[in-house]
Amino acid sequence: MVGYNYEVKKVIVWVLIAVIFILVGWYGRVLYELPKNSNPIAQIKPTPLLKYTIENLSGVDFETSKIEIGETIFESDKFTSYKYTMKFSPDFSQNIKTVSGMINIPKKEGAFPVIVMFRGFVSQEIYETGIGTRPSAKVFAENDFITVAPDFLGYADSDIEASNIFESRFQTYVTAAVTLKAIASIEKWDGKNTFIWGHSNGGQVALTTLEITGVDYPTVLWAPVGRPFPASILYYIDEAADGGKFLIDQLADFGDTYDAGKYSLTNYLDKIKAPVEINQGTADTAVPYWWSDELNKKLKEEEVDVTYKKYSGANHNLAPAWDNVVENSLNFYKEHLEK
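The numbering used here applies: residue 32 is where the sequence shown begins, and numbers increase by one.
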């Protein structure tokens, strides 16, 4: 019986060896048939997300879309808030989608500068148009600025987002870049002044958009996520309902196919041509203040025109210094107005 088991094991071993040789021979033929200097993995495995690297997005001439103003959300004596929609292709195909958002337009006669606003993370289950931007947008609109805040795909009245979590993330940059071009369709825009505001993850969107467009949109950041990718999302992994298992699995697959550094904003800070103001609270636990310390340092090293303001004891929403922060932001925009 012992001899029988030994013979069976020998047969199994020789079969495995034969299979390995067959596979090695097949893989060798694949490598032989590939073009010289090509990446075998890239040839065998689909790489649909390559078009979203920061370098590749930097070469895109983003489409011109139109902001279609819809129903009134809110009205004051100084401005009116409307819902708006905008159609575009987030993946540069014939796949046209609609993104919704909120636009505030001053009531007085005349033409006005525009601030495009990118909010931080909000759960889709509780999100509604204007969350994350409404308070500061109100102050800006009361001071004669048009504000435009996209909801992003998957939120409010927008079409569904991409099924791949990383494609969905990268398409926020496409949404942002198209929105910045679409403001040309706003009747009361002054035709000269376009500004950016970003909070938390919206700060990450703002910085990446500055890199891929290369346009000098004066930009205010509140507690921006200015960390490398994917460390910037791993920090928040414990907030996931499954403890981050799904994200870790997806990251592992992403890392097997792509170079994460090509999607990391910290590797392309030299592309930023705009003046930037960073506002950071020292009591912020969602974006630790030393992240902004480091971001400020790196921007200065790349000779970006950056102003850094820290607020002692302020949290992630800049409370209790909020009034001071929004006033500083307003002054920054006024200082950079092109007359």
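Beta carbons are placed, not taken as given, at the ideal position from N, Cα and C, and that holds for glycine.
Between the CA atoms of I75 and Y342 - distance to the nearest angstrom: Within the sequence shown, numbered from 1, the residue matching residue 342 stands at position 311. Within the sequence shown, numbered from 1, the residue matching residue 75 stands at position 44. CA-CA distance, Y342 to I75, rounds to 51 Å.
F123 and V209 closer than 8 Å at C-beta: Numbered from its first residue, the sequence shown carries residue 123 at position 92. Numbered from its first residue, the sequence shown carries residue 209 at position 178. V209 is positioned such that its CB atom lies no closer than 8 Å to that of F123.
Contacts around D336, its chain only, beta-carbon distance under 6 Å, and the 5 residues preceding and following it disregarded: Here residue 336 refers to the residue found at position 305 of the sequence shown. Closer than 6 Å at Cβ, skipping near neighbours: P306.
Collapsed DSSP secondary structure at V357 in the structure displayed: As a first step, residue 357 is located in the sequence shown; it is residue number 326 there, counting from the start. DSSP places V357 in the helix class (H, G or I) of the three-state scheme.
Contact check, E242 vs S89, beta carbons under 8 Å: As a position in the sequence shown, residue 242 is number 211, starting the count at 1. As a position in the sequence shown, residue 89 is number 58, starting the count at 1. The answer is yes: Cβ separation under 8 Å.
Reduced DSSP category for R60 - H, G, I as helix; E, B as strand; rest coil: Taking the sequence shown and counting its residues from 1, one reaches residue 60 at position 29. Note that R60 has pLDDT 42, beneath the 50 cutoff, so the model's placement of it is unreliable and the number below is only indicative. Note: R60 maps to helix in three-state DSSP.
Strand pairing of Q311, partner residues [DSSP]: Counting from 1 along the sequence shown, the entry for residue 311 is found at position 280. In DSSP, Q311 forms a bridge with K341.
CB of Y204 within 8 Å of CB of V236, strictly: Reading the sequence shown from its first residue, position 173 is the one you call residue 204. Reading the sequence shown from its first residue, position 205 is the one you call residue 236. The Cβ atoms of Y204 and V236 lie closer than 8 Å to each other.
I134 versus E218, E156, Q155 and Y294, residue with shortest Cα-Cα distance: Working through the sequence shown from its first residue, we reach residue 134 at position 103. The shortest Cα separation from I134 among E218, E156, Q155 and Y294 belongs to E218.
Three-state class that DSSP yields for P166 in the structure shown: Counting from 1 along the sequence shown, the entry for residue 166 is found at position 135. DSSP, read as helix, strand or coil, puts P166 in helix.
Nearest-angstrom Cα separation, counted from K212 out to N126: The sequence position of residue 126 within the sequence shown is 95, counting from 1. The sequence position of residue 212 within the sequence shown is 181, counting from 1. Within the model, the alpha-carbon separation for N126 versus K212 is close to 19 Å.
DSSP-derived helix/strand/coil call for S251: Counting from 1 along the sequence shown, the entry for residue 251 is found at position 220. It should be noted that the sequence gives Val, not Ser, for residue 251. Shown here, V251 sits in a strand according to DSSP, grouped into three states.
Short Cβ contact (8 Å threshold) for A262 with D315: The sequence position of residue 262 within the sequence shown is 231, counting from 1. The sequence position of residue 315 within the sequence shown is 284, counting from 1. The beta carbons of A262 and D315 sit no closer together than 8 Å.
Coil, strand or helix - D287 by DSSP: By 1-based counting over the sequence shown, the position of residue 287 is 256. When secondary structure is reduced to three states using DSSP, D287 falls in the helix class.
CA nearest to the CA of K109, picked from A317, P79, A180 and E140: Residue mapping note: residue 109 aligns to position 78 of the sequence shown, counting from 1. Residue E140 is the option with its Cα nearest to K109.
Reference I85; option with closest CA among Y289, A352, G275 and L184: Looking up residue 85 in the sequence shown gives position 54. Looking at the Cα atoms, Y289 is the closest of the given residues.
DSSP bridge partner residues for V147 (one or two, in chain order): Here residue 147 refers to the residue found at position 116 when the sequence shown is read from its first residue. Per DSSP, V179 and I227.
Continuous beta strand (DSSP E) stretch holding G101: start and end: Locating residue 101 in the sequence shown gives position 70, where the first residue counts as 1. Its beta strand (DSSP E) spans residues E99 to E106.
Own chain, CB closer than 6 Å to N232, minus 5 neighbours either side, in chain order: Residue mapping note: residue 232 aligns to position 201 of the sequence shown, counting from 1. Contacts found: G151, F152 and V256.
Residue burial classification, K169 (beta-carbon count within 10 angstroms, cutoff 16): Along the sequence shown, read from residue 1 onward, the residue named residue 169 stands at position 138. Counting C-beta atoms within 10 angstroms of its own C-beta, K169 has 16 or more neighbours from the protein chains shown and is therefore classed as buried.
Spatial neighbours of K223 in its chain, beta-carbon cut-off 8 Å, leaving aside the 5 residues before and after: Start at 1 with the first residue of the sequence shown, and residue 223 comes out as number 192. P144 and E369.
For P79, three-class secondary structure by DSSP: Here residue 79 refers to the residue found at position 48 when the sequence shown is read from its first residue. Helix at P79.
Y248 versus F226: straight-line alpha-carbon distance, rounded: Within the sequence shown, the letter at position 217 stands for residue 248. Within the sequence shown, the letter at position 195 stands for residue 226. Cα to Cα, Y248 sits roughly 5 Å from F226.
Nearest to E99 (by Cα), restricted to the options Q155, P181 and P77: Against the sequence shown, residue 99 aligns to sequence position 68. E99 has its Cα closest to that of P181, out of Q155, P181 and P77.
Residues near P282 in its chain [Cβ-Cβ closer than 7 Å; skip 5 each side]: Stepping through the sequence shown from its first residue, residue 282 is reached at position 251. The question names Pro, but residue 282 in the sequence shown is Leu. If the five residues before and after L282 are omitted, its C-beta is found closer than 7 Å to the C-beta atoms of P261, all from its own chain and listed in chain order.
Host beta strand (DSSP E) of I136 (start-end): The count along the sequence shown starts at 1 and reaches residue 136 at position 105. Counting along the chain, the beta strand (DSSP E) containing I136 begins and ends at K128 to P137.
Opposing strand residues paired with Y113 [DSSP bridges]: For the purposes of this step, residue 113 is taken as the residue at position 82 of the sequence shown. The bridge partners DSSP lists for Y113 are T103 and I134.
Cβ pair count under 8 Å reaching 3, the stretch 161-168 against the stretch 189-198: No: fewer than three Cβ pairs fall under 8 Å.
Rounded C-alpha distance that separates E358 from E106: The residue given as residue 358 occupies position 327 in the sequence shown. The residue given as residue 106 occupies position 75 in the sequence shown. Looking at the backbone, the Cα of E358 and that of E106 are separated by about 22 Å.
Cβ neighbours of I162 in the same chain (closer than 8 Å, five flanking residues each side left out): Mapped onto the sequence shown, residue 162 falls at position 131. The beta carbon of I162 sits closer than 8 Å to those of R150 and V153, all from its chain and outside the five residues before and after it, given in chain order.
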